[in-house]
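Visitor: Sharing a structure with you now.
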Amino acid sequence: MSGKRILVGEIGRPHGVRGLVKLRSFTADPAAIADYGPLTDEAGTRRYGITLLSEGVARVEGVADRDAAQKLTGTRLYVERALLPPAEEEEFYLADLLGLRAETEAGALLGLIRAVEDHGAGAFLVIEATPELLVPFTRAAVPVIDLRDGRVVVIPPDEIVVRPEPGAEDAA
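Per the numbering used here, residue 131 is the first one in the sequence shown, and the count goes up by one each step.
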């Protein structure tokens, strides 16, 4: 197989001195991360044998000390999209949104979805446009997701302008 790969986890910092690592799982059941098939790098060229030992701690096959574990910090783990179970109705994989057309309610093209990112305050869509658009990934801002036709409908929120309180610049 050499199709689309889906991000399912990330190796974190070492845990102890025997090569164990912290593991962040992005799967519905975090303990089932290794059940979806071979875990690889994004290109699919390197495989990682992962054994989950406890919540958030794992052993990586071939890694026996802290130094080797440290070298894997930040390694993202992927599986072949075809190996994942089908999404339920009204559900989808975020990776399936990449490349979809983002359109207005009237059908005007805004751009293509380049990424779905989440930096802690909630997910947002990154839409390739001039200038690039960042749209909150909420039902209000993205009311329609049509995977069959390869599009989403976007209602960008009004721009939010935060004005400083009078005298705030003097207090600094």
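Positions of the beta carbon are idealized from the N, C-alpha and C atoms, including for glycine.
Should Arg281 and Glu233 be called a contact, given that it needs their Cβ atoms to be closer than 8 Å?
Guide: For Arg281 and Glu233, yes; Cβs fall inside 8 Å.
Visitor: Thr181 to Leu207, Cα distance in whole Å?
Guide: 13 Å
Visitor: Would you mind sorting Leu239 into buried or exposed? The rule is 16 or more other CB atoms within 10 Å of its CB.
Guide: exposed
Visitor: Would the segment 160 to 178 and the segment 193 to 208 be scored as touching if the rule is three or more Cβ pairs under 8 Å?
Guide: Here the segment 160 to 178 lies against the segment 193 to 208, with 3 or more beta-carbon pairs under 8 Å apart.
Visitor: When burial is assigned at 16 or more other CB atoms within 10 Å of the CB, is Tyr269 buried or exposed?
Guide: The sequence shown places Arg at residue 269, not Tyr. By the beta-carbon neighbour count (other beta carbons within 10 angstroms, threshold 16), Arg269 is exposed.
Visitor: Measure the alpha-carbon distance for Lys134 versus Leu213 and round it to whole angstroms.
Guide: 10 Å
Visitor: My output table needs one value for Asp248: the three-state DSSP class, helix, strand or coil.
Guide: strand
Visitor: Does the distance from the C-beta atom of Tyr223 to that of Ile136 stay below 8 Å?
Guide: yes
Visitor: When the Cβ atoms of the segment 184 to 204 are set against those of the segment 149 to 157, are three or more pairs found closer than 8 Å?
Guide: yes
Visitor: May I ask you to list the residues that DSSP assigns as paired with Ile285?
Guide: DSSP lists no partner for Ile285.
Visitor: Would Gly237 and Ala259 qualify as a contact pair, given that the criterion is a beta-carbon distance under 8 Å?
Guide: no
Visitor: Helix, strand or coil for Tyr223, going by three-state DSSP, please let me know.
Guide: coil
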